[in-house]
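Heads up: the sequence shown is residues 1 to 196, going by UniProt numbering.
Glycine included, every Cβ here is placed at the ideal spot set by N, Cα and C.
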Amino acid sequence: MPASVIPFILECEKLKAIERRTYPAGFKRRENSAEHSWSLALLAMTLIPKIDPSLDTLRILKMLILHDIVEIDAGDTFCYADQGDKAEREKLAAQRIFGMLPADLCAEFTGLWEEFEEGSTMEAAFANAMDRAMPLLQNHANQGLSWIEHGVSFDQVMARNGKIGNVSAELWKAIRERLDEAMEKGWLKKGDSHAL
Numbered sequence: 001m002p003a004s005v006i007p008f009i010l011e012c013e014k015l016k017a018i019e020r021r022t023y024p025a026g027f028k029r030r031e032n033s034a035e036h037s038w039s040l041a042l043l044a045m046t047l048i049p050k051i052d053p054s055l056d057t058l059r060i061l062k063m064l065i066l067h068d069i070v071e072i073d074a075g076d077t078f079c080y081a082d083q084g085d086k087a088e089r090e091k092l093a094a095q096r097i098f099g100m101l102p103a104d105l106c107a108e109f110t111g112l113w114e115e116f117e118e119g120s121t122m123e124a125a126f127a128n129a130m131d132r133a134m135p136l137l138q139n140h141a142n143q144g145l146s147w148i149e150h151g152v153s154f155d156q157v158m159a160r161n162g163k164i165g166n167v168s169a170e171l172w173k174a175i176r177e178r179l180d181e182a183m184e185k186g187w188l189k190k191g192d193s194h195a196l
């Protein structure tokens with residue numbers, strides 16, 4: 001059985017080559033998708049005890065580790081860009097990549113990925129909030145570098161990320177303070193814009 005998962009594990013190494021639009025805090029290079037997943041897992045592990053200790057931490061961590069594996073085939077789609085056929089590309093990628101696993105793990109990982117995508121449980125909502133919060137924190141730490149490069153507006157950021165407040169009003173307050181500062185400093189455009 002252990003040998004049967006090795007092809008999947010080696011395939012997932014490719015996630016380290018998928019470049020995102022966000023920069024890690026304090027760096028002038030772009031983050032890769034594996035680093036992104038690690039950052040989300042660390043953020044979640046740190047915040048769950050403070051926000052809602054009743055959440056299933058392991059389930060959230062699994063979702064965060066798995067949620068972007070589909071980018072190996074589908075690529076990273078910038079969250080403020082037209083999403084096009086992203087959902088279909090990612091579904092096909094999930095079938096292929098998770099299909100490399102034994103049936104039990106394939107079913108579990110596919111189920112976790114679908115749960116994250118649907119955001120239908122408290123754990124999935126929390127995981128999605130982490131996926132939105134971390135790039136905001138990184139962009140603020142880097143003086144809006146990615147936002148400026150792509151002409152992202154305050155309105156776009158608010159429309160995409162406001163639901164973080166449904167998971168934690170306190171976390172959203174801390175993020176909102178940073179977004180207000182980003183707006184004041186010109187790191188985010190005023191009004192609506194059409195980012196790439």
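Just how far apart, CA to CA, sit Asp155 and Lys16? Indexing the sequence shown from 1 puts residue 155 at position 155. Indexing the sequence shown from 1 puts residue 16 at position 16. Going by the C-alpha atoms only, they are around 31 angstroms apart.
For Leu101, does the count of other Cβ atoms within 10 angstroms reach 16, so buried, or fall short, so exposed? On the sequence shown, position 101 is the one that residue 101 refers to. Leu101 should be labelled buried.
CA-to-CA distance, Gly111 to Ile175, given in whole angstroms: Locating residue 175 in the sequence shown gives position 175, where the first residue counts as 1. Locating residue 111 in the sequence shown gives position 111, where the first residue counts as 1. One C-alpha to the other measures close to 30 angstroms.
What is the rounded straight-line gap between the Cα of Thr22 and the Cα of His140? By 1-based counting over the sequence shown, the position of residue 22 is 22. By 1-based counting over the sequence shown, the position of residue 140 is 140. Each residue's alpha carbon lies about 11 angstroms from the other.
Can you pull the DSSP bridge partners for Lys189? As a first step, residue 189 is located in the sequence shown; it is residue number 189 there, counting from the start. Per DSSP, Ser153.
Give the DSSP bridge partners of Asn32, in chain order. Taking the sequence shown and counting its residues from 1, the one referred to as residue 32 is at position 32. In DSSP, Asn32 forms a bridge with Glu19.
Are the segment 116-132 and the segment 48-56 touching by the rule of at least three beta carbon pairs closer than 8 angstroms? yes
Tell me whether the beta-carbon of Ile18 lies closer than 8 angstroms to the beta-carbon of Ser37. The sequence position of residue 18 within the sequence shown is 18, counting from 1. The sequence position of residue 37 within the sequence shown is 37, counting from 1. Going by C-beta atoms, Ile18 is not nearer than 8 angstroms to Ser37.
Inside the segment 92-142 only - alpha helix (DSSP H) runs reaching at least 4 residues: 103-118 and 122-141
Take Asn128 as the anchor and find which of Cys12, Gly162, Lys173 and Pro7 has the nearest alpha-carbon. What you label residue 128 is simply residue 128 of the sequence shown in a count that begins at 1. For Asn128, the nearest C-alpha among the options comes from Gly162.
Cβ-based burial, Val5 [other Cβ within 10 Å; buried from 16]: Looking up residue 5 in the sequence shown gives position 5. By the neighbour-count rule (16 or more Cβ atoms within 10 Å), Val5 is not buried but exposed.
Round the Cβ separation of Ala25 and Met130 to the nearest angstrom and send it over; I've been treating them as touching at under 8 angstroms. For this step, residue 25 is matched to residue 25 along the sequence shown. For this step, residue 130 is matched to residue 130 along the sequence shown. At roughly 15 angstroms, the Cβ-Cβ gap does not stay under 8 angstroms, so Ala25 and Met130 are not in contact.
Considering only residues of the same chain and omitting the five flanking positions on each side of Ile148, which have a CB-CB separation below 7 angstroms? Along the sequence shown, read from residue 1 onward, the residue named residue 148 stands at position 148. Around Ile148: Trp187.
For Leu66 and Leu40, which I take to be in contact (beta-carbon distance under 8 angstroms), what is that distance rounded to the nearest angstrom? One-based indexing of the sequence shown puts residue 66 at position 66. One-based indexing of the sequence shown puts residue 40 at position 40. Between Leu40 and Leu66 the Cβ distance is about 11 angstroms, and since that is not below 8 angstroms, they are no contact.
Helix or strand or just coil, what does DSSP make of Asp85? For the purposes of this step, residue 85 is taken as residue 85 along the sequence shown, with counting starting at 1. In the structure shown, Asp85 sits in coil (DSSP, three-state: anything other than H, G, I, E or B).
Rounded C-beta distance between Ala93 and Val70? I'm assuming under 8 angstroms. Residue 93 sits at position 93 when you count from the first residue of the sequence shown. Residue 70 sits at position 70 when you count from the first residue of the sequence shown. 4 angstroms between Cβ atoms; contact.
Quick check on DSSP: helix, strand or coil for Lys163? Here the question's residue 163 lines up with position 163 in the sequence shown. Residue state, collapsed to three classes: coil.
Using three-state DSSP, classify residue 203 as helix, strand or coil. This structure cannot speak to residue 203, because the chain is shown only from 1 to 196.
What did DSSP end up calling Phe8 once you bin it into helix, strand or coil? Locating residue 8 in the sequence shown gives position 8, where the first residue counts as 1. Helix, per DSSP.
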